[in-house]
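A short write-up of the structure that comes next.
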Amino acid sequence: MATLELKDITKSFGDTDILRGVSLEIADGEFLSLVGPSGCGKSTLLRILAGLESQSAGSVHIGEACVDGRRAADRDLAMVFQSYALYPHLTVAENIAVPLTMRRLRRADRLPLMGALMPGVRRRRADIVRTVREAAEILDIAALLDRKPGQLSGGQRQRVALGRALVRDPAAFLLDEPLSNLDAKMRVHMRAEIAQLNRRLGATFVYVTHDQAEAMTMSDRIAVMMDGELLQVGTPDELYDDPADIRVARFIGSPAINLLPVETDGAGVIRLTGRATVLRAGPVPVAYLGIRPEALEPCDRDPLLSGRARLVENLGSDLFVQLDVPEMPETVTVRLPSDARGKIAAGDLMHLRVRPDRVRGFDSMGLAAPFGAEALADA
Amino acid sequence: MTHRFSARQTLIHAILILGALIVLLPFYVMLATALKSPVEIASGTGGLFGAQAPMVSEDCLMQGGAEAACLTRPVLDNFRQAFTKAPLWRYMLNGVIVTAAIFLLQTLIAVPAAYALAKLKFWGRDAAFALVMFCLLIPVHAIALPLYLMLAHLGLTNSYAALILPWIVSAFGIFLMRQFFLTVPDDLIDAARMDGMGEFAIIWRVMLPTAIPALLAFAIFSVVAHWNDYFWPRIVITGDRSLFTPPLGLREFKGDLDGTFYGPMMATALVIVTPLVAAFLVAQRRFIDGITLTGMK
Ligand SMILES: Nc1ncnc2c1ncn2[C@@H]1O[C@H](COP(=O)(O)OP(=O)(O)OP(=O)(O)O)[C@@H](O)[C@H]1O
Ligand SMILES: [Mg+2]
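Printed below as a string of structure tokens:
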């Protein structure tokens, strides 16, 4: 168990900068998710943390110690790879045992035949077998211990890869999109298991994913990464409710947040499609309003927006309606509770309003632009 | 599956069968000759197995045996001569020692070299690989003389070392293993590093076991080449018969003045190729079974 710290990490492959000054502190026992679109440098950052890749500048600390220049084998981290990376020639039990045999037995002990004669080896081997069995039971793969990886399903391989990581008691677990190859149902199941594992072991987890739902459901904190930079690090609620950047707002939440282009006039009045609204900008002019689909509600008078329903998606628990709003470049998504089922159909005209405290503003650069205090009071 | 007659397929198979016959013909001649009496060999009679009529062994008579005691069958006489006129077992043992030592040392050198060329990043890697490719182009015969002179300077001619040392670095082995290692996912190697393995542990515990099919292919190439090699042992083993390899043993039956003893010679040849054929049949199954890399994805 240990804290992890990345200080101003940069990484370039040739001329291309992949990471541009990433700093991140991860607390002991924390579950931190690293999310971002494909190719933004998540795996690269994780590999630098693991010692599989060297950073161009910056430093990595595990616990109190600076581990720059220390080999991956000596950093005492466990990693689960995007591709599982099981040893194809070893059985499940042998796969899981590898990190233990490499660490608990000395070189001479590991020799075939000879090793069996060394003092204490038999006892330590028995210990390893027991630890492997315990790990297999936690992950529900005890029945598969004698199989080769080629004879397992994707979900089973996944759990073997997890087992190989958690037999040890490492300083931290690094998981690189471990669920990306699973089907939707298996993914939800494993998601719960990994989160549970984190709580039971009390170990530090760094979890890379490009699936924001995974990150939202499992994490203590989420770090959103784009183009080699961290945009925001915070709890799932902070990221959902108070995105610091329009790209974070867009990335977190499904269906995506509605981003409405607006203008701020000289008096600070925010105008939507040319009409003045009750909202007032703070010191910085607001260029976009971000409104979550569930923050919009139908109304009879003084709507913020009106539009015709283009598509009604019934999920059973909720109803998502896509609205065509005149002069708005994209459709607006509204979430309605399930009792609205049957009451609305494509082509209907809808009037919508929003509670001002559930609206977020962004400036023309995409950074969060807070509303002025009186803006909320007025509304 | 359809079993309709197809002229195209028939033609293809006819050509293939013809090709196979051409390849097998020398083996047939070797087998038939090993079974026949000198008269049958000289006159080209006796069919496939020879008539196996009782005959008096001339070799036996020359050794001073009585006429009655030297009455035997051609096949028995050929094989008796093969094993008694020359220490064939000794030659076979030498063959095993030399080919096994060459293959083991080649593996010991080629596998780490191939791993470095395929998976490690270091300055000059591509140039080093280009040199390996270049070495593939050098024919053995071109460097035989310098090699011989070097061994002679070191006083190593007429020794096992002379038979083994020149071959322990195999450019072909390095090339073949490198091509195979390229297909091993990088993640597997990184996983091994995370599990606490050093680079040599990765080579012997991860890369080699996953590369068994490639190693077998190389083993067949290497063992066949050096078991059958006549050229190099002929150069470096000049006197000492106890160092002869099996192909040198064939020379025993090249009678200089009194003609060549084809029967015993072909019996010897048959004995020499048998282990290779047997080994190939065993290895063939492993080729097909070969460990797949499917466990990684
Ligand atoms: N060895 C390398 N040489 C050159 N470029 C590389 C190398 N490794 C990664 N890159 C580049 O670095 C960028 C980030 O790669 P990385 O694997 O970290 O992305 P990622 O965020 O993990 O994406 P994904 O979600 O698809 O796994 C990519 O544009 C990739 O092309
Ligand atoms: Mg990745």
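Protein chains in written order, with this note's numbering: chain S, 1 to 379; chain R, 380 to 676. The beta-carbon is built from N, C-alpha and C at its ideal position, and this holds for glycine as well.
Decide if residue i is buried, meaning its Cβ has at least 16 other Cβ atoms within 10 Å, or exposed.
{"i": "residue 348 (chain S)", "result": "exposed"}
{"i": "residue 16 (chain S)", "result": "exposed"}
{"i": "residue 76 (chain S)", "result": "buried"}
{"i": "residue 423 (chain R)", "result": "exposed"}
{"i": "residue 62 (chain S)", "result": "buried"}
{"i": "residue 623 (chain R)", "result": "buried"}
{"i": "residue 502 (chain R)", "result": "exposed"}
{"i": "residue 93 (chain S)", "result": "buried"}
{"i": "residue 437 (chain R)", "result": "exposed"}
{"i": "residue 605 (chain R)", "result": "buried"}
{"i": "residue 529 (chain R)", "result": "exposed"}
{"i": "residue 631 (chain R)", "result": "buried"}
{"i": "residue 675 (chain R)", "result": "Because residue 675 (chain R) carries a pLDDT of 41, less than 50, the predicted location of this residue cannot be relied on, and no value is offered for it."}
{"i": "residue 405 (chain R)", "result": "exposed"}
{"i": "residue 446 (chain R)", "result": "exposed"}
{"i": "residue 621 (chain R)", "result": "exposed"}
{"i": "residue 51 (chain S)", "result": "buried"}
{"i": "residue 395 (chain R)", "result": "exposed"}
{"i": "residue 525 (chain R)", "result": "exposed"}
{"i": "residue 173 (chain S)", "result": "buried"}
Who are residue i's beta bridge partners in DSSP?
{"i": "residue 261 (chain S)", "result": "S:288"}
{"i": "residue 4 (chain S)", "result": "S:26, S:62"}
{"i": "residue 411 (chain R)", "result": "Answer is none; residue 411 (chain R) lacks a bridge partner."}
{"i": "residue 435 (chain R)", "result": "R:450"}
{"i": "residue 334 (chain S)", "result": "S:321"}
{"i": "residue 222 (chain S)", "result": "S:33, S:234"}
{"i": "residue 350 (chain S)", "result": "S:307"}
{"i": "residue 229 (chain S)", "result": "S:226"}
{"i": "residue 269 (chain S)", "result": "S:280"}
{"i": "residue 10 (chain S)", "result": "S:20, S:57"}
{"i": "residue 371 (chain S)", "result": "S:281"}
{"i": "residue 297 (chain S)", "result": "S:353"}
{"i": "residue 275 (chain S)", "result": "S:272"}
{"i": "residue 473 (chain R)", "result": "Answer by DSSP bridge pairing: none, since residue 473 (chain R) is not bridged."}
Within its chain, find whatever has a CB closer than 7 Å to the CB of residue i; leave out the 5 residues flanking it on each side and keep chain order.
{"i": "residue 198 (chain S)", "result": "31, 205"}
{"i": "residue 340 (chain S)", "result": "319"}
{"i": "residue 118 (chain S)", "result": "108, 109"}
{"i": "residue 392 (chain R)", "result": "none"}
{"i": "residue 144 (chain S)", "result": "92, 152, 156"}
{"i": "residue 269 (chain S)", "result": "276, 280"}
{"i": "residue 376 (chain S)", "result": "Residue placement at residue 376 (chain S) cannot be trusted, given a pLDDT of 49 that sits under 50; the coordinates are not used to answer."}
{"i": "residue 332 (chain S)", "result": "258, 305, 307, 323, 325"}
{"i": "residue 427 (chain R)", "result": "411"}
{"i": "residue 645 (chain R)", "result": "409, 412, 413"}
{"i": "residue 124 (chain S)", "result": "104, 105"}
{"i": "residue 575 (chain R)", "result": "none"}
{"i": "residue 641 (chain R)", "result": "412, 420"}
If I measure Cβ to Cβ from residue i and keep anything under 8 Å in the same chain, skipping five residues before and after, which residues do I get?
{"i": "residue 225 (chain S)", "result": "22, 34, 35, 36, 40, 41, 42, 45, 231"}
{"i": "residue 648 (chain R)", "result": "409, 413, 629"}
{"i": "residue 565 (chain R)", "result": "498"}
Take residue i and list the residues in its own chain whose beta-carbon comes closer than 6 Å to its own, dropping the five residues that flank it on each side.
{"i": "residue 176 (chain S)", "result": "43, 46, 81, 82, 208"}
{"i": "residue 597 (chain R)", "result": "552, 555"}
{"i": "residue 480 (chain R)", "result": "543"}
{"i": "residue 363 (chain S)", "result": "284, 287, 369"}
{"i": "residue 303 (chain S)", "result": "351, 352, 353"}
{"i": "residue 454 (chain R)", "result": "414"}
{"i": "residue 194 (chain S)", "result": "none"}
{"i": "residue 444 (chain R)", "result": "none"}
Chain C beta carbons: is any one of them nearer than 8 Å to that of residue i?
{"i": "residue 572 (chain R)", "result": "Chain labels in this structure do not include chain C; the protein chains are S and R."}
What residue ranges within the segment 22 to 65 of chain S form continuous alpha helix (DSSP H) runs of no fewer than 4 residues, ordered along the chain?
Whole alpha helix (DSSP H) segments, 4+ residues: 42 to 50.
Would you call the segment 276 to 284 of chain S in contact with the segment 314 to 331 of chain S, where contact means no fewer than 3 C-beta pairs closer than 8 Å?
With a cut-off of 8 Å, the segment 314 to 331 of chain S and the segment 276 to 284 of chain S do not count as touching, because too few Cβ pairs lie within range.
Whole alpha helix (DSSP H) elements within the segment 516 to 580 of chain R, 4-residue minimum
The segment 516 to 580 of chain R contains, as complete alpha helix (DSSP H) runs of 4+ residues, the segments 519 to 532, 539 to 543, 550 to 561, 565 to 573 (chain order).
Segment contact flag, the segment 200 to 214 of chain S with the segment 247 to 260 of chain S, C-beta cutoff 8 Å, min 3 pairs
Contact holds: three or more Cβ-Cβ distances are below 8 Å.
Extract the residue ranges of the alpha helix (DSSP H) inside the segment 95 to 169 of chain S, only unbroken runs of 4 or more that lie entirely within it.
Along the segment 95 to 169 of chain S, the alpha helix (DSSP H) occurs as fully enclosed runs of 4 or more residues at 107 to 110, 114 to 117, 121 to 138, 154 to 166, listed in sequence order.
Enumerate, from N- to C-terminal direction, the unbroken alpha helix (DSSP H) stretches of 4 or more residues contained entirely within the segment 171 to 201 of chain S.
For the segment 171 to 201 of chain S, whole alpha helix (DSSP H) runs of length 4 or above, ordered along the chain, are 184 to 201.
Could you tell me whether the segment 132 to 143 of chain S touches the segment 160 to 180 of chain S, where touching means 3 or more Cβ pairs closer than 8 Å?
A contact between stretches requires three or more CB pairs, one per stretch, nearer than 8 Å, and the segment 132 to 143 of chain S meets this requirement with the segment 160 to 180 of chain S.
Using 8 Å as the cut-off, can you tell me whether the segment 534 to 542 of chain R makes contact with the segment 579 to 595 of chain R, which would need three or more C-beta pairs spanning the two stretches below that distance?
Output reads no: the segment 579 to 595 of chain R does not touch the segment 534 to 542 of chain R.
If we count Cβ pairs, one from each stretch, closer than 8 Å, do we get three or more for the segment 531 to 540 of chain R versus the segment 612 to 627 of chain R?
With a cut-off of 8 Å on Cβ pairs, the segment 531 to 540 of chain R is in contact with the segment 612 to 627 of chain R, counting three or more such pairs.
Can you check the segment 475 to 523 of chain R for any alpha helix (DSSP H) of at least 4 residues that lies completely inside it and give the ranges in chain order?
You should have 504 to 515.
With a threshold of 8 Å, are at least 3 pairs of Cβ atoms found where one atom belongs to the segment 48 to 60 of chain S and the other to the segment 2 to 9 of chain S?
Taking a contact to require three or more Cβ pairs closer than 8 Å, the segment 48 to 60 of chain S and the segment 2 to 9 of chain S qualify as touching.
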